[in-house]
Amino acid sequence: MSVNEKNGWYTGLLTLILGIEILMQYSIVFANISNQYGGTINSIVCTILVVAYCINIIQNGKLKLDNIILIILFLVILLIIQKNQILELFIFCIAFLNVTPITTIYIYRNGIFISYIINMVLAIVTHHLYNTEGDTIALGFGNQNTAAFFLAFLVILFLIKKDMTGNLFLKVNWRTSILLIFTLIIVYFLFGDMTATILIVSFFIFQYIIPWLTVRVHKVILLFLIVFPVFLTYSTYWLAMNYGNSLWIMKLNTLLSGRLNIWNYYFIRMPIKLISNNRIFVVSAWGNDYTPHQGLFDGSYAYMLYIIGLLFTIIYVLGLVICNYRLLKYKKYLLLSLILSLELVGFSENQMFSYAYSFTSIFALLSFHRSWIRKRS
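When we follow the UniProt record's numbering, the leftmost residue of the sequence shown carries the number 1, and every step to the right adds one.
Below you can see the structure in the form of structure tokens.
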């Protein structure tokens, strides 16, 4: 059940909603609106997505059994976990059941691009070019790292093209090479963001080595790529619990801007649970001191473990493993390279988990669908 020419309105609607979500969640220009009406806007968006999904099903004339099974699975998980953020995530993912993975990429490319331009123009007009601290250019976003990530992600998405057979390929020539170098200079030197730099570099490394690995290297390495998110999840927990036990971990903590210290602080005070109601504090709940970095908590795997709980983390990471396996099985190496890169930056940032940042969560959760990954039309 895919979106064809007669109901292209659906992809347009998803693009519009994605752009709205980006502006509401990350724009400093729309911060006041988001703070006052954020809950209402989210409710309206979720309602629109549900209604649009139903209309799209009626327009296509059928509802597939695989879709019904996945929706029931989501409902069961939601009844167990009972968190609004999971409800919103599931609704957003279900809306993408009706489109292909390739169309999903185009929706994110267009949605991010439109919202980025709108936000930047309004930031210039309203004098909100700097971040919330007022010390670094962020082009209308509350954090310069957000501006850098979206820019790097956009450049990658614009380089991904589709050939006549429906397969994806990477458009690389001297012009795109200059664009990439220029982007790397901007994200690293202007925004000072290592995450966006790693996203670009790791994507191209994966893109060039994965096809070679499939024919020349032992399958153990390919197995490691498949279970890569499991390794990152366990590493997150192990490093957090062993913070301070060795010099190299302390050095890694410095390299990661104190993230291991933050994770350790919360993990030892509020242990990981199957279903979590843990919170992040600015002022410590265990004393009068401020928490490390005063409420900041970066890292998708750490966030899911601490805030949502072990059950959802297992489901999510299993979805990523299935996604990696199927992309490798169907020889979708370009998509696999991008997903692996997003999984990698998810170790230290929240871009992987947030559906407004990237489509990683959509690919992870829709991988439980029997055929969504291999959809072409």
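Note that CB positions come from ideal geometry on N, CA and C, so glycine has one too. On a predicted model such as this, the values are computed, not experimentally measured, just so you know.
With respect to the C-alpha of Ser300, the residue from Ala147, Lys83, Thr236 and Met194 having the closest C-alpha is Thr236. Per the Cβ contact rule, the segment 270 to 279 is not in contact with the segment 316 to 323 (fewer than 3 Cβ pairs under 8 Å). Listed in chain order, the non-local C-beta contacts of Leu79 below 7 Å within the same chain number zero, local neighbours out to five positions each way being set aside. Excluding five sequence positions before and after Leu129, the CB atoms of its chain that fall closer than 8 Å to its own CB belong to Ala123, Ile137, Ala138, Leu139 and Gly140, given in chain order. Around the Cβ of Leu305, a 10 Å sphere holds 16 or more other Cβ atoms; the residue is buried. In chain order, Leu184, Val187 and Tyr188 place their CB closer than 7 Å to the CB of Thr197, counting only its own chain and leaving out the 5 sequence neighbours on each side. Under the DSSP assignment, Leu159 falls in the alpha helix (DSSP H) whose first and last residues are Gln144 to Leu159.
Its Cα nearest to that of Phe353, the residue Phe312 stands out among Phe312, Arg370, Lys332 and Ile268. If you draw a straight line from the Cα of Tyr357 to the Cα of Phe150, it is about 8 Å long. Between the alpha carbons of Asn245 and Pro271 lies a gap of roughly 19 Å.
For Phe359, there is no enclosing alpha helix (DSSP H), since its DSSP letter is neither H nor E.
Distance from Asn67 to Leu97 at the Cβ level is roughly 5 Å; contact confirmed, criterion being Cβ atoms closer than 8 Å.
Assignment of Ile275 by DSSP, reduced to helix, strand and coil, places it in the coil class. Counting only residues of its own chain and dropping the five nearest sequence neighbours on each side, Trp372 has a CB closer than 6 Å to the CB of Leu366.
Of all C-beta pairs linking the segment 9 to 18 to the segment 47 to 62, three or more are shorter than 8 Å, placing the two stretches in contact.
Beta-bridge partners of Leu252 (DSSP): none assigned.
Below 8 Å, too few C-beta pairs join the segment 23 to 38 and the segment 70 to 88 to call them touching: fewer than three. Around Glu349, the same chain offers Asn145, Phe149, Thr195, Asp298, Gly299 and Ser300 as residues with beta carbons nearer than 8 Å, after the five sequence neighbours per side are excluded. Around the C-beta of Glu21, 16 or more other C-beta atoms lie within 10 Å, and the residue is accordingly described as buried. In the structure shown, the three-state DSSP call for Leu139 is coil. Taken through DSSP and simplified to helix, strand or coil, Tyr316 comes out as helix. Nearest to Ile308 by alpha-carbon distance, out of Phe191, Thr165, Arg370 and Leu89, is Leu89.
One alpha carbon belongs to Asn264, the other to Leu65, and they sit about 44 Å apart. The three-state reading of DSSP puts Phe169 in strand, counting E and B together. With respect to the 9 Å criterion, Leu344 and Ile210 are not classified as neighbours on the basis of their beta carbons. When DSSP states are grouped into helix, strand and coil, Tyr330 belongs to the coil group. Under the three-state reduction of DSSP output, Ser202 falls in the helix class. Close CB contacts of Asn42 within its chain, under the 7 Å cut and outside five residues either way in sequence, are with Glu88 (chain order). Ile86 places its beta carbon less than 9 Å from that of Ile77. Scanning its chain for C-beta atoms nearer than 7 Å, with the 5 sequence neighbours on each side dropped, one finds around Leu157 the residues Ile105, Tyr108 and Arg109, in chain order.
Distance from the CA of Tyr10 to the CA of Leu213, rounded to the nearest whole angstrom, comes to 38 Å. In the three-state scheme derived from DSSP, where H, G and I count as helix and E and B as strand, Tyr243 is classed as coil. Ser27 sits in a strand when the DSSP states are folded into three classes.
Closest option to Glu133, judged by alpha-carbon separation, among Gly142, Asn56 and Leu75: Gly142. In the three-state scheme derived from DSSP, where H, G and I count as helix and E and B as strand, Lys219 is classed as helix. Taking every protein chain shown into account, the CB of Gly346 has 16 or more other CB atoms within 10 angstroms, so this residue is buried.
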